[in-house]
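Quick notes on the structure that follows.
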Amino acid sequence: MPEKYNPQAIEKKWQQKWTDDELYKVRDDAPRPKWYALTMFPYTSGDLHIGHWYNNVPSDVLARHKRMLGYNVLHPYGFDAFGLPAENAAIRQGIHPFKWTMQNIDNMRRQVKSIGAIYDWDREVITCLPEYYKWTQWFFLRLYEKDLAYYGTAPVNWCPKCQSVLANEQVEDGKCWRCESDVVKRDLAQWLFRITKYADELLNFDGIDWPERIKIMQRNWIGRSEGTEISFALDHPSVAEKEIKIFTTRPDTVFGVTFMVLAPEHPLVVKLTTPEQKAAVQAYIAKSRKMTDIERLSTDKEKDGVFTGAYCVNRLNNTKVPIWIADYVLASYGTGAVMAVPAHDERDFAFAKKYKLPIPVVIAPPDWDGKALREAYIEPGKMVNSGQFDGTDSEKGITAVSEYLEEKGWGKRTISYKIRDWLVSRQRYWGAPIPIIHCPKCGVVPVPEKDLPVLLPEDAEFKPTGESPLKYNEKFVNVKCPKCGGAAKRETDTLDGFVCSCWYMLRYTSPHENNRAFDPAKLKKWMPVDFYSGGAEHAVMHLLYTRFFTKAICDMGIVDFREPFLRLFNQGIILMGHSKMSKSKGNVVNPDNYVAELGVDTVRAYMMFLGPWEQGGEWDDSGMSGITRWLNRTWTLATDEYKSSSADGDEELMRLLHHTVKKASEDLDKIRLNTMISALMELTNYMGKVKESGSVSVNTWNETIKTLLLLLAPSVPHISEELWQITGNKYSIHNQDWPKWDEKYVTSDEFTLVVQVNGKLRDRLTASVSVTGDEAKKLAMGLERVKPFVEGKQVVKVIFVPKKLINIVVK
RNA sequence: GCCGGGAUGGCGGAAUGGCAGACGCAGCGGACUUAAAAUCCGCCGGAGAAAUCUGUGUGGGUUCGAAUCCCUCUCCCGGCACCA
14 MPEKYNPQAI EKKWQQKWTD DELYKVRDDA PRPKWYALTM FPYTSGDLHI GHWYNNVPSD
74 VLARHKRMLG YNVLHPYGFD AFGLPAENAA IRQGIHPFKW TMQNIDNMRR QVKSIGAIYD
134 WDREVITCLP EYYKWTQWFF LRLYEKDLAY YGTAPVNWCP KCQSVLANEQ VEDGKCWRCE
194 SDVVKRDLAQ WLFRITKYAD ELLNFDGIDW PERIKIMQRN WIGRSEGTEI SFALDHPSVA
254 EKEIKIFTTR PDTVFGVTFM VLAPEHPLVV KLTTPEQKAA VQAYIAKSRK MTDIERLSTD
314 KEKDGVFTGA YCVNRLNNTK VPIWIADYVL ASYGTGAVMA VPAHDERDFA FAKKYKLPIP
374 VVIAPPDWDG KALREAYIEP GKMVNSGQFD GTDSEKGITA VSEYLEEKGW GKRTISYKIR
434 DWLVSRQRYW GAPIPIIHCP KCGVVPVPEK DLPVLLPEDA EFKPTGESPL KYNEKFVNVK
494 CPKCGGAAKR ETDTLDGFVC SCWYMLRYTS PHENNRAFDP AKLKKWMPVD FYSGGAEHAV
554 MHLLYTRFFT KAICDMGIVD FREPFLRLFN QGIILMGHSK MSKSKGNVVN PDNYVAELGV
614 DTVRAYMMFL GPWEQGGEWD DSGMSGITRW LNRTWTLATD EYKSSSADGD EELMRLLHHT
674 VKKASEDLDK IRLNTMISAL MELTNYMGKV KESGSVSVNT WNETIKTLLL LLAPSVPHIS
734 EELWQITGNK YSIHNQDWPK WDEKYVTSDE FTLVVQVNGK LRDRLTASVS VTGDEAKKLA
794 MGLERVKPFV EGKQVVKVIF VPKKLINIVV K
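14 is the number of the first residue of the first sequence in our numbering; add one for each residue after it.
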């Protein structure tokens, strides 16, 4: 009796052997073409849940397939190890963030290893280790040199719970992306990366194969908008400025301006406000500063504002325009000021109604009766009440007015972006220290390269004070200025974790380099990443940041490519109770139990079988037994003795086998792993019948088993290795070539002709592929099941689709 | 509000202009068993004794033929949201 399938035993055995033999060790010098397959590395929260596995398993299957196709595959793994949860754990449990993180990594590494992936663990990258963050700091200095990193004071997003600032991308619906606290505004001196400099290039996705969805998200986030900056004349005895600039996409409506609105934070507001209005204006500013972004940016909120008492002049029609402030105008977009055209903008309309400001029409709606509008008309139309532009189509008027303004020197065409510079400093301990020294004499001084890394001191007090714990560490803070040698202080903010993940894919190419971030020759060999998979939630964070970072260091000559990831794939999300699995929600499913009970091959195949990878869905393990049964049947097929009684079925089995090879190959290319598993099941089901009847020769049987095992190898690597050995093949199945299909077995000279009458299926028949329409018609008309539907009726039309169907249309 | 994606048996899904429901789960019936588990065989959208009719969120359209293409509406998921 052959042994029974014992997944736990064989999985343990082979994982050990593969490790001992360095089967998956990646050679930089292999002559085969390279393939860099990367999965987003996980944050070190403690355990991997089944959702993480859903990221890792299909990627490994695809990488293994590429490997069998003859590629030299780099498929590395590592950990995104800096971040707030480690520090929060320190505050709550009194455990040092380093210890907490490294313990988590140990557990997560054990879990990931149980997957049986082809990760080369010699290349593991951990971002919180000095050997790594030294180079994160090094990159920071390079950005600083090129003025792409700068220090500035700005109103920033402040999360009161995390006690730190957040980048715009990390604020979701006015709430912190991690803890969901309401975010407030604060003025702080901060470090920023000049991502806006690359706004235009980031809009260009030429040469990269990314999901349309992600490209749209990035485009919306960057928010490029072509418009015109118009200057309104200012004549105010106590104000030096002689103009107020506004940004508009509708210069064609400039004759309809009846008021001006500045953001409460606009620098001119204080200077312009008249003594009578001072109290009201100050109260309004105070009120809007106190509001959270959610309150302030709520579109439901009624628009309100305050008159400053001051006026400017619309130079086109020489009218006096009152200047208001209102919090629906954002200080950070355009010039922080807008011209209000109530007749043709919904917000301005509501505002004008509330404060009884005039609403003159300057774009005539179709069939306009000359009366006042009941709502804002924002569509195109003929310009009216617009001086020399009367009668112009408003769409043409945009250019015409802009040209006129440029001619007069009253304005210029310009482009505005929604995206802001990336705020990278964090007032926390557990991040890469920003390698900067503040000297009272020399100002901001970068730490000399030879002094890197700026190490995180081990002793720190993790008090949530709103300031970096590093600030209270005298040994860390007090340094000599590298320039003048005088007493100076270190920057105590640390870098956003997303800075670390901007370059981890580079480090994998040569993770043990001590004297540089990476070996350029190895980088050249492996980069860019050919296939990158991860969640869509990183669309405007990690994925946008990394593209920016790559372009920036390319301009410095550090790398020679401008896009890090050639192809991006977003896998779906595994839900539990209709929400994403997360430790904080307490709805995680741990894969360890499944592995212990059923073996990892079952879990792997089940993850693939669930549905299309990009779809994800609610977690439900009730179907897993189907996979266990299938692998058991497969085991039996390969290990039982096959007794042949004839060779009559050879042709048929070879047809199905080659069809399956083709289907599996195509499904892997299309990343349809669920249908690949289905196809393999169909093959094994059929083989079960063949085995019962003994209807194929021993040779055909053995060849089929061998090919089946090769097809299974990427998906279920352990059982296929074991059966490969049992069936007498040479170790290792994972060094074999992916099978090829033979066209002669997937084409046929016969096919099943579907017979329809009036589009409804009536019968089918087997016909030669060379059958003509007339012959097919004759055959079809003769069918017993067809006759009743055509007899006594007039045949109006016959549709014949070669190799598919015939449709007889009768009346 | 705007921009994406989606809705197919009891469930996960397959079929992207040509046989709806592949494959699997659950369920039902049977074989084996003292019994159960495991395994194997059969059935499995609805109505109907059957022929057949009907059926892919809703309503319409294009077509010889629509789950698939177009339009309308409903609901679900994701993103953005006063960006002038």
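Think of the CB as a built atom: it goes at the ideal place given N, C-alpha and C, for glycine as much as any other residue.
query = Can you pull the DSSP bridge partners for M273?
reply = Translated into the one-based positions of the first sequence, residue 273 becomes position 260. For M273, which the question treats as bridged, DSSP gives the partners I336, M352.
Where W632 sits in the DSSP three-state scheme = Translated into the one-based positions of the first sequence, residue 632 becomes position 619. Three-state DSSP puts W632 in coil, outside helix and strand.
request  = Tell me the start and end of each unbroken beta strand (DSSP E) in the stretch 75 to 161 that is at least 3 residues and wholly inside, in chain order.
outcome  = Contiguous beta strand (DSSP E) elements confined to the stretch 75 to 161 occur at 85 to 87, taking only those with 3 or more residues.
ask   = Taking buried to mean at least 16 other C-beta atoms within 10 Å of its own C-beta, is M14 buried or exposed?
value = Counting from one through the first sequence, the residue named residue 14 turns up at place 1. In this prediction, M14 scores a pLDDT of 48, lower than 50, which makes its location untrustworthy; the coordinate-derived value is nonetheless stated afterwards. So M14 counts as exposed.
request  = Throw me the rounded Cβ distance for the A677 and M694 pair, which I believe falls under 8 Å.
outcome  = The residue given as residue 677 occupies position 664 in the first sequence. The residue given as residue 694 occupies position 681 in the first sequence. That pair is no contact at about 11 Å.
request  = Go to A500, then tell me how far its alpha helix (DSSP H) extends in each direction, as first and last residue.
outcome  = Numbered from 1 along the first sequence, position 487 holds the residue referred to as residue 500. Segment 500 to 503 is the beta strand (DSSP E) holding A500; no alpha helix (DSSP H) there.
ask   = Is the beta carbon of F489 less than 7 Å from the beta carbon of A103?
value = Here residue 489 is taken as the residue at index 476 of the first sequence, counted from 1. Here residue 103 is taken as the residue at index 90 of the first sequence, counted from 1. Cβ distance not < 7 Å, so F489 and A103 don't count as in contact.
inquiry  = With three or more beta-carbon pairs closer than 8 Å as the criterion, would you say the stretch 215 to 231 touches the stretch 570 to 584?
reply    = yes
query = Nearest CA to the CA of V797: which residue from R775, V809, I338, H672?
reply = Position 784 of the first sequence, counting from 1, holds the residue named residue 797. It is worth fixing the name first, because residue 797 is Glu in this sequence and not Val. Comparing Cα positions, the closest option is R775.
inquiry  = Checking 7 Å against the spacing of the C-beta atoms, do W828 and F95 come in under that value?
reply    = It is not possible to answer for residue 828, since the shown part of the chain is limited to 14 through 824.
message = Give me the residue from V270, S238, F320 with the minimum Cα distance to A292.
response = Residue 292 sits at position 279 when you count from the first residue of the first sequence. The shortest C-alpha separation from A292 is found at F320.
task = Assign S635 to one of two classes, buried (16 or more other C-beta atoms within 10 Å of its C-beta) or exposed (fewer than that).
result = Sequence index remark: in the first sequence, residue 635 carries index 622 (1-based). Exposed, by the Cβ-count rule.
ask   = Closest to E471 by CA distance: which of P446, S546, T478 is it?
value = By one-based count along the first sequence, residue 471 stands at place 458. Selected option, being the one with the closest Cα: P446.
request  = In angstroms with no decimal places, state the Cα-to-Cα distance between E705 and M637.
outcome  = Sequence index remark: in the first sequence, residue 705 carries index 692 (1-based). Sequence index remark: in the first sequence, residue 637 carries index 624 (1-based). Looking at the two C-alpha atoms, the distance is approximately 26 Å.
query = Does the distance from the C-beta atom of K454 to that of G499 stay below 7 Å?
reply = Within the first sequence, residue 454 is the residue found at index 441, counting from 1. Within the first sequence, residue 499 is the residue found at index 486, counting from 1. Their beta carbons are under 7 Å apart, which means K454 touches G499 by this criterion.
inquiry  = Suppose you measure from the CA of M589 to the CA of W632; what does that come to, to the nearest Å?
reply    = Numbered from its first residue, the first sequence carries residue 589 at position 576. Numbered from its first residue, the first sequence carries residue 632 at position 619. Using only the alpha carbons, I get a separation of about 6 Å.
message = Report the CB separation of T57 from S546 in whole angstroms; it is logged as a contact under 8 Å.
response = Taking the first sequence and counting its residues from 1, one reaches residue 57 at position 44. Taking the first sequence and counting its residues from 1, one reaches residue 546 at position 533. T57 to S546, Cβ: 19 Å. No contact.
key: Check whether H88 and A50 have beta carbons under 7 Å apart   = Locating residue 88 in the first sequence gives position 75, where the first residue counts as 1. Locating residue 50 in the first sequence gives position 37, where the first residue counts as 1. Contact flag set, yes.
ask   = Tell me which same chain residues have a C-beta within less than 6 Å of the C-beta of L725, skipping the five on either side of it?
value = Here the question's residue 725 lines up with position 712 in the first sequence. Excluding its 5 nearest sequence neighbours in each direction, L725 has C-beta neighbours in its own chain below 6 Å: S733, listed in chain order.
query = Looking at C-alpha atoms only, which residue of M230, V467, A501, L285 is the closest neighbour of P143?
reply = Position 130 of the first sequence holds residue 143. The candidate whose alpha carbon is nearest that of P143 is V467.
request  = Identify the continuous alpha helix (DSSP H) that holds D762 and give its terminal residues.
outcome  = Translated into the one-based positions of the first sequence, residue 762 becomes position 749. Neither: D762 is in no alpha helix (DSSP H) and is coded neither H nor E.
ask   = For V768, which of G741, T717, I821 has the nearest alpha-carbon?
value = Locating residue 768 in the first sequence gives position 755, counting from the first residue. For V768, the nearest C-alpha among the options comes from I821.
message = Rounded to whole angstroms, what is the Cα-Cα separation between E654 and I718?
response = Taking the first sequence and counting its residues from 1, one reaches residue 654 at position 641. Taking the first sequence and counting its residues from 1, one reaches residue 718 at position 705. Distance between the alpha carbons of E654 and I718: 12 Å.
ask   = In angstroms, rounded to a whole number, what distance separates the CA positions of E278 and K258?
value = Here the question's residue 278 lines up with position 265 in the first sequence. Here the question's residue 258 lines up with position 245 in the first sequence. In a straight line, the C-alpha of E278 is about 15 Å away from that of K258.
query = DSSP state of W827, grouped into three classes?
reply = In the structure as shown, the chain begins at 14 and stops at 824. Residue 827 is therefore absent and cannot be evaluated.
ask   = Nearest-angstrom Cα distance between S657 and A651?
value = Your numbering for residue 657 matches position 644 in the first sequence. Your numbering for residue 651 matches position 638 in the first sequence. S657 and A651: Cα-Cα distance of roughly 14 Å.
key: Cα-Cα separation, D73 to N120   = The residue you call residue 73 lines up with position 60 of the first sequence. The residue you call residue 120 lines up with position 107 of the first sequence. Between D73 and N120, the C-alpha separation is close to 20 Å.
query = With L216 and R191 assumed to form a contact (beta carbons below 8 Å), what rounded beta-carbon distance in angstroms separates them?
reply = Along the first sequence, read from residue 1 onward, the residue named residue 216 stands at position 203. Along the first sequence, read from residue 1 onward, the residue named residue 191 stands at position 178. With 8 Å as the limit, L216 and R191 do not qualify as a contact, their Cβ atoms being about 28 Å apart.
request  = Determine the contact status of E182 and V553, defining contact as a CB-CB distance below 7 Å.
outcome  = Start at 1 with the first residue of the first sequence, and residue 182 comes out as number 169. Start at 1 with the first residue of the first sequence, and residue 553 comes out as number 540. Contact: yes.
query = V326 and A246: beta carbons closer than 7 Å?
reply = Taking the first residue of the first sequence as position 1, residue 326 is located at position 313. Taking the first residue of the first sequence as position 1, residue 246 is located at position 233. Yes, Cβ-Cβ distance for V326 and A246 is below 7 Å.
message = Once DSSP output is grouped into helix, strand and coil, what is the label at P801?
response = Reading the first sequence from its first residue, position 788 is the one you call residue 801. P801 falls in the helix class under three-state DSSP.
key: Inter-stretch contact at 8 Å, needing at least 3 Cβ pairs: the stretch 726 to 745 / the stretch 611 to 623   = yes
Same chain, Cβ closer than 6 Å to S415, neighbours up to 5 away in sequence not counted = Within the first sequence, residue 415 is the residue found at index 402, counting from 1. Cβ within range, chain order: T241, P264, R426.
ask   = Relative to the alpha-carbon of R77, which residue among G59, D60, A130 has its alpha-carbon at the smallest distance?
value = Counting from one through the first sequence, the residue named residue 77 turns up at place 64. Measuring from the Cα of R77, the nearest candidate turns out to be A130.
message = Looking only at its chain, what residues have a beta carbon closer than 8 Å to the beta carbon of M81, apart from the 5 residues adjacent to it on each side?
response = One-based indexing of the first sequence puts residue 81 at position 68. Taken in chain order, the residues that qualify are L723, A726, P727, H747, Q749, D750, W751.
request  = List the DSSP bridge partners of A167.
outcome  = Counting from 1 along the first sequence, the entry for residue 167 is found at position 154. L201, per the DSSP bridge assignment.
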